[in-house]
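Under my numbering, the very last position in the sequence shown is 434; numbers go up by exactly one each time.
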Amino acid sequence: MKSGIINVYQYFLIILVLAGFCPVVSARVIFVKDGSSLQSAIDKASDDDTLIIARGTFSANRTIFGDSLCGNCSQHRTVIDATYAFIIKDKSICLIGSNRRESILMTNAGYGLYILNSPKCTISNLTVTGGVRDSLEMASDGAVVIRNSNVLLENLDIINNNHEHGSAVAGIAGVVGREGAEIIVDNCRIINNSWDGVALYRGAVAIITDCLIKDGRGAGIGVTWDAICTAYRNIISGYWKGIGAFGTSWVSARNNAVYDNLGWGIIASGNSYMDVCNNVVHHNGNCGIAVWGSNTSGRFVNNIITENGWKKFWVCPCVGVYNYGDWSKWDFSYNLVWNNKEGNYRDIWDQTGVNNNISADPEFLDKTFFLPNRGSPVIDAGHQEISDPDGSCSDIGLYGGPQAKFDISPSLK
């Protein structure tokens, strides 16, 4: 097919399939050929245009700029010298790859794809890779960095942005949500990056669903300052921390598998609030769940917390649940806590038999999808006011509660 601009109505069905989120009325579809300049195509695009990116590797020349605000500095109005590769600014467009693994953005910069002041933007079916860490410690580098924009990220491979700079502890995150960002991250593979999988700062709001977030440093999902996050049905593994709420953030985490992280599985600190329901927190290096501060609050309900503490003490005791806060501010009920290395609880009394918490082998069929066996004690044992999708009483763990994508099959009940 020739490169160029064609009337959108001719390809209306294609766009519906590839990007239902994209606005299409009175817009254009622009085909970006392998070997051409993606940034030039972005610059020429108008509001509501859709760019279809061919198979191939699209490399960027890094641009040095001064970021007018610092996402994670104590002084927000701090100018940070950084670099970006591709930039979408002051317009609403869609970038859609022809092939998720073969339409590749090679960024060569700290901010790989920088989205700024975009009222509505979709990025889909692409690989984003090859980031190069900026030298300043406080640069909020990420494969995708979003400010003051409404963005859907779907079906992306955000991988191997793993460059590190000797003077900076932080590396390159997968996705960074900054000031005014409203983000949906759906069905993405965020793997082998050198900082958080998803980092949310300064009032960013994000919904993160059905993602594989694996093998980085920092947190799989890190939410700080006054950011807000809803995380459903994600697999999070291989980070220092699985899911972390810091600052004054609010986090709802449901039906996530958080396992094989080095330190904490799930941690609440600062003045944060967490609603943690129907997760599996398994085989993390030190503690499974940690309440880290007397001003934290929230609830832990319907979770399975098992076999944590395989790594020598690093950041917290090798237990299932560690309290370093005010336990009275937390609802801890209908959880299964079992077989954690140095005990199920530390610095709180044993919760077994209290508020319907239990301690028993959950009888997983496997340690990847954590499906329980027939007769498992978790089936129909959850909170009485939380229902499974079929209306029955919720199960404890991944397959319970309204956010479970599918119920445990009748043959297992």
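All C-beta atoms, glycine included, are put in the ideal place defined by N, C-alpha and C.
Using a Cβ-Cβ cut-off of 6 Å (strictly less than) and excluding sequence neighbours within five positions of residue i, which residues of its own chain qualify?
i      : result
Pro423 : none
Ile228 : Ile205, Thr251
Ser315 : Gly346, Asp347
Gly309 : Gly286, Val302, Ile326, Asn329, Gly341
Gly25  : Because the pLDDT of Gly25 is 40, which lies under 50, any placement of that residue in the model is unreliable, and the number read from its coordinates should be weighed accordingly. None.
Asp111 : Asn138
Asn376 : Ser354
Ala160 : Ile101, Ala103, Gly131
Cys94  : Met159
Thinking residue i and residue j are a contact (beta carbons under 8 Å), I'd like their distance in whole angstroms, please.
i      : j      : result
Asn361 : Glu328 : 6 Å
Asp236 : Gly263 : Not really, about 13 Å apart at Cβ, beyond 8 Å.
Gly291 : Gly306 : Contact flag wrong, Cβ pair sits at about 22 Å.
Trp271 : Tyr294 : 5 Å
Phe79  : Ile125 : 7 Å
Gly421 : Asp409 : 6 Å
Leu419 : Ala202 : About 28 Å separates the two Cβ atoms, so there is no contact after all.
So the beta strand (DSSP E) residue i belongs to, where does it begin and stop?
i      : result
Asp69  : Neither: Asp69 is in no beta strand (DSSP E) and is coded neither H nor E.
Ser145 : 142-145
Asp281 : No beta strand (DSSP E) contains Asp281, which DSSP labels as neither H nor E.
Thr78  : 77-80
Cys298 : 294-298
Leu233 : 233-235
Thr269 : Run containing Thr269: none; DSSP gives neither H nor E here.
Lys110 : 101-110
Asp371 : Taken as a continuous stretch (DSSP letters only), Asp371 belongs to no beta strand (DSSP E), as it is neither H nor E.
Ile211 : 210-212
Leu137 : 132-137
Asp382 : Counting along the chain, Asp382 falls outside any beta strand (DSSP E), and DSSP gives it neither H nor E.
Glu203 : 203-207
Cys115 : 115-118
Thr245 : Thr245 -> no beta strand (DSSP E), and no H or E assigned at all.
Asn171 : 171-175
His303 : 301-303
Phe321 : 318-322
Ala311 : 310-314
Arg83  : It is not in any beta strand (DSSP E) - Arg83 carries neither H nor E in the DSSP assignment.
Leu386 : Taken as a continuous stretch (DSSP letters only), Leu386 belongs to no beta strand (DSSP E), as it is neither H nor E.
Phe52  : 49-53
Leu392 : Note, Leu392: premise wrong, no beta strand (DSSP E); not H, not E.
Phe353 : 351-354
Looking at residue j and residue i, is the spacing between their C-beta atoms short of 9 Å?
i      : j      : result
Glu200 : Gly92  : yes
Val149 : Asn182 : yes
Asn365 : Val399 : no
Ile249 : Leu233 : no
Ile257 : Asn282 : yes
Gly198 : Leu221 : yes
Arg210 : Asp178 : yes
Val322 : Ile407 : yes
Ile167 : Asn214 : no
Gly265 : Trp216 : no
Asn300 : Ala425 : no
By alpha-carbon positions, which one of the options ends up nearest to residue i?
i      : options                        : result
Gly133 : Leu116, Ile117, Arg154, Thr251 : Arg154
Thr230 : Ala274, Ile101, Ser95          : Ala274
Phe353 : Ile136, Ala311, Cys142, Glu123 : Ala311
Ala289 : Ala278, Asn300, Thr245, Asn255 : Thr245
Gly77  : Asp55, Arg98, Ala425           : Asp55
Gly443 : Lys65, Tyr222, Ser397, Ala240  : Summary: the structure shown does not reach residue 443, with the chain confined to residues 22 through 434, and so no result is reported for it.
Tyr355 : Gly319, Ser380, Ile242         : Ser380
Cys115 : Ala402, Asn171, Val196, Val190 : Asn171
Gly152 : His186, Ser124, Arg98, Leu174  : His186
Asn82  : Gly118, Phe107, Ser95          : Phe107
Gly195 : Ile109, Thr373, Tyr135         : Tyr135
Ser319 : Phe390, Glu123, Lys350         : Going by the sequence as given, residue 319 is Gly instead of Ser. The residue with the shortest Cα to Cα distance from Gly319 is Lys350.
Gly118 : Asn129, Thr128, Asn146, Val297 : Asn146
Thr317 : Thr269, Tyr343, Tyr420, Ser95  : Thr269
Arg238 : Lys333, Ile369, Val219         : Val219
Asn255 : Met127, Thr373, Gly403, Phe390 : Phe390
Trp335 : Asp296, Trp261, Trp359         : Trp261
Which residue comes first and which comes last in the alpha helix (DSSP H) that contains residue i?
i     : result
Asp64 : 59-65
When every heavy atom of the ligand ADP is checked, does at least one fall within less than 8 Å of the C-beta of residue i?
i      : result
Ile212 : Only the bare structure without any ligand can be found here, which leaves the ligand ADP out of the picture.
Leaving aside the five residues before and after residue i along the sequence, list all residues of the same chain whose C-beta is less than 7 Å from its C-beta, in chain order.
i      : result
Ala62  : Ile51, Val53, Leu72
Lys23  : Low confidence applies here, because Lys23 scores a pLDDT of 36, under 50, leaving its location unreliable; read the following figure in that light. If we look at Lys23 and ignore the five residues flanking it on each side, it has no Cβ neighbours.
Trp313 : Ile288, Ala289, Ser290, Tyr345, Gly346
Gln60  : Ala81, Phe107
Thr84  : Thr104, Tyr105
Near residue i, what residues of its chain come up, given a Cβ to Cβ distance below 8 Å and the 5 sequence neighbours on each side ignored?
i      : result
Ser113 : Pro44, Asp68, Asp69, Ser139, Pro140, Lys141, Cys142
His304 : Tyr280, Asp281, Thr327, Glu328, Asn329, Trp331, Lys388
Ala189 : Arg154, Asp155, Ser156, Leu157, Glu158, Ala160
Thr99  : Leu90, Cys91, Met159
Ala75  : Phe52, Val53, Lys54, Asp55, Ser119, Ser124
Thr373 : Val358, Asn365, Ile379, Ser380
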